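Working notes, beginning with the structure itself.
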Amino acid sequence: MRAKLLQRRFLCTNTNQQQWKDWSIKQVTKSNFKESLSELKTHIQNSDFIAISSKKTGVISSSPCNKVLPFLDTPEISYLQSKDAAERFQLLQFVVCPFTLTQSTGSTTKVVAHPYNFHLFPRDELNLGMPQYTFSCQTSQLTALANEGFDFNVCVYDGISYLSRVQESLTKGRHANPSSGYSVNSSSTPSVADEIFTKRIKTRVMHWRDACVTKSKSNGSEDKENPAEALISSLRKLILGAELYGSRPCMSIDVCNERQVQLVVKMSRELFDDLVPLVVPDKGRGVPKAVRVVLTSSKEDKNLLERELQDLEDEQNRKTRGFREVIDAISASQKPIVASNCLNELTFLHSKFLGPLPQSFNEFTCSLRMAFPHILDVNTLLKEISSLRNANNLLALVDMEIPHEVQDSDGKNQGHDVLHTTHFFAQLSSLLKASDDPHQTVNADLVSSAEM
Numbered sequence: 000m001r002a003k004l005l006q007r008r009f010l011c012t013n014t015n016q017q018q019w020k021d022w023s024i025k026q027v028t029k030s031n032f033k034e035s036l037s038e039l040k041t042h043i044q045n046s047d048f049i050a051i052s053s054k055k056t057g058v059i060s061s062s063p064c065n066k067v068l069p070f071l072d073t074p075e076i077s078y079l080q081s082k083d084a085a086e087r088f089q090l091l092q093f094v095v096c097p098f099t100l101t102q103s104t105g106s107t108t109k110v111v112a113h114p115y116n117f118h119l120f121p122r123d124e125l126n127l128g129m130p131q132y133t134f135s136c137q138t139s140q141l142t143a144l145a146n147e148g149f150d151f152n153v154c155v156y157d158g159i160s161y162l163s164r165v166q167e168s169l170t171k172g173r174h175a176n177p178s179s180g181y182s183v184n185s186s187s188t189p190s191v192a193d194e195i196f197t198k199r200i201k202t203r204v205m206h207w208r209d210a211c212v213t214k215s216k217s218n219g220s221e222d223k224e225n226p227a228e229a230l231i232s233s234l235r236k237l238i239l240g241a242e243l244y245g246s247r248p249c250m251s252i253d254v255c256n257e258r259q260v261q262l263v264v265k266m267s268r269e270l271f272d273d274l275v276p277l278v279v280p281d282k283g284r285g286v287p288k289a290v291r292v293v294l295t296s297s298k299e300d301k302n303l304l305e306r307e308l309q310d311l312e313d314e315q316n317r318k319t320r321g322f323r324e325v326i327d328a329i330s331a332s333q334k335p336i337v338a339s340n341c342l343n344e345l346t347f348l349h350s351k352f353l354g355p356l357p358q359s360f361n362e363f364t365c366s367l368r369m370a371f372p373h374i375l376d377v378n379t380l381l382k383e384i385s386s387l388r389n390a391n392n393l394l395a396l397v398d399m400e401i402p403h404e405v406q407d408s409d410g411k412n413q414g415h416d417v418l419h420t421t422h423f424f425a426q427l428s429s430l431l432k433a434s435d436d437p438h439q440t441v442n443a444d445l446v447s448s449a450e451m
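Mapping the sequence shown onto numbering that gives the first Met the number 0, position 272 (from 1) lands on 271, and the numbers just tick up by one.
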């Protein structure tokens, strides 16, 4: 009860009520996701903490037994309830707010925050068979979202899709883009069949390569001496079905199994410096169906092709991950995560962006700590503050600053819950003198949600 009264006193001042509506939050959809992601990564690296909040199609409902028998409300029971909600309901918005805390004049704490509200909707944009979600909705929750001005059309048509880490690993090889980053297992001893296959493919590749080099030289002289002959030669190559990868000559070698892929790739890399083998997957099955050998004109041209292939693969991976790029950036930064009701927020985060939720609470905390080692729950911190004798007489002044200006968002400025959490955390951390060394506070003074 004392904690609730203290929370109400902090959050219900006249100053706060006037500021909530004025604070601007950047709304992010598919159309501006790429540029917003680049900005957010910079803010994450420069921040002390990262506050998160979300909007869902449903919320956890407490069991009637917990009201009659409150001793049954153990961490394990709470986790199972949150797990059930995370597996049934869907995230529609995820708000991320990197912020810094500094001590300004007197007892005032200055907060510099950069809030981003990401609109989400899972869809199979790349025709990979994932994700194909079936999720539940609570009418009360959808009504509350509608009353807040939530735009369901923006969510469905312009929401950002995503795959979890586990789902991404399952989709490897399902897209049709060829890849040059194939690793060869050189430890296995070749069989007689392997040697026959390699010799046949080697002869075929050598004849093709020699023909391409000869034609290239002759075409070069023809271009200088007789342009008409060069045109006829180009038409002849087109009629004969010569393959090109971009502007470079190439040939495709059909393979029946993984072993043949290794043999073709190894032979191409070891014997020819100007050839780049590309493994072409069978879309939908995720297994290689051919190896495309591309002939480059020089070492510089080969390096250029490999960079182009790497850029293509990186772009494909970004499209596959979608919004999970944000989660990966937060995880890589190792910055402390701040949330209200951490257990509920983080079960959704784990389920949607990391992988299936473990069966037990201990397994969940171990899995979560591998991605996010520092997690702070403002409710837990509030309990620590409320236990102080003079808690009701404490004063915490916070100066909130949001530097970026939000462009026209049709009057919809959603995601203010994360600013409530940020502002509240700044007040509590100020009372605990946590803003002087935030990283030491994470390890020593504040309690992670896994220990609630």
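Here a beta-carbon is modelled for each residue, glycine too, at the ideal position from N, C-alpha and C.
As the structure is a computational prediction, the values presented were derived from the model and not from experiment.
Where residue i falls: helix, strand or coil (DSSP)
i: Asp273; result: coil
i: Glu221; result: At Glu221 the pLDDT is 49, less than 50, meaning the model places this residue with poor confidence and gives no usable figure here.
i: His118; result: strand
i: Phe93; result: strand
i: Lys55; result: strand
i: Leu431; result: coil
i: Pro355; result: coil
i: Asp281; result: strand
i: Pro74; result: helix
i: Phe196; result: helix
i: Cys255; result: coil
i: Glu242; result: strand
i: Glu383; result: helix
i: Glu147; result: coil
i: Thr295; result: coil
Rounded C-alpha distance that separates residue i from residue j
i: Leu239; j: Pro189; result: Residue placement at Leu239 cannot be trusted, given a pLDDT of 43 that sits under 50; the coordinates are not used to answer.
i: Gly321; j: Asp83; result: 25 Å
i: Tyr244; j: Val94; result: 43 Å
i: Gln26; j: Asn126; result: 27 Å
i: Glu38; j: Lys29; result: 15 Å
i: His438; j: Asp47; result: The predicted model places His438 with a pLDDT of 45, which falls under 50 and marks its position as unreliable, so this point remains unresolved.
i: Val153; j: Pro74; result: 37 Å
i: Ala328; j: Lys54; result: 21 Å
i: Asn116; j: Ser106; result: 31 Å
i: Asp407; j: Ala289; result: Low confidence applies here, because Asp407 scores a pLDDT of 49, under 50, leaving its location unreliable; read the following figure in that light. One C-alpha to the other measures close to 49 Å.
i: Gln261; j: Phe271; result: 16 Å
i: His118; j: Lys40; result: 18 Å
i: Gln309; j: Leu277; result: 12 Å
i: Gln92; j: Leu380; result: 25 Å
i: His415; j: Glu400; result: 14 Å
i: Met250; j: Val111; result: 57 Å
i: Lys201; j: Glu324; result: 42 Å
i: Leu356; j: Tyr161; result: 17 Å
i: Asp209; j: Glu312; result: 30 Å
i: Glu269; j: Ser296; result: 17 Å
i: His349; j: Ser168; result: 16 Å
i: Val377; j: Leu427; result: 8 Å
i: Ile252; j: Arg291; result: 6 Å
Cβ distance (whole Å) where residue i is taken to contact residue j below 8 Å
i: Ala425; j: Thr56; result: Not quite, the Cβ-Cβ distance comes to about 30 Å (not below 8 Å), so this is no contact.
i: Phe371; j: Ser330; result: 6 Å
i: Pro97; j: His42; result: 4 Å
i: Arg247; j: Val293; result: 5 Å
i: Ile24; j: Asn340; result: 20 Å between Cβ atoms; not a contact.
Buried or exposed by the 16-neighbour rule on C-beta atoms within 10 Å, applied to residue i
i: Gln166; result: buried
i: Cys64; result: In this prediction, Cys64 has a pLDDT of 48, which is less than 50 and means its spatial position is unreliable; nothing more can be read from the coordinates.
i: Cys365; result: exposed
i: Glu34; result: exposed
i: His422; result: buried
i: Val204; result: buried
i: Cys255; result: exposed
i: Tyr78; result: buried
i: His206; result: exposed
i: Lys298; result: exposed
Min CB distance residue i to chain D below 8 Å
i: Gln426; result: Reference to chain D is not applicable here, since this structure consists of a single protein chain.
Q. Would you call the stretch 135-152 and the stretch 99-111 touching, i.e. three or more CB-CB distances under 8 Å?
A. no
(Q) Three Cβ pairs or more, each shorter than 8 Å: is that satisfied between the stretch 304-315 and the stretch 332-352? (A) no
Q. So does the stretch 316-330 actually touch the stretch 270-283, counting three or more Cβ pairs closer than 8 Å?
A. No, the stretch 316-330 is not in contact with the stretch 270-283.
Q.
Across the stretch 323-339 and the stretch 140-148, are there enough close Cβ pairs to call them in contact, namely three or more that are closer than 8 Å?
A. no
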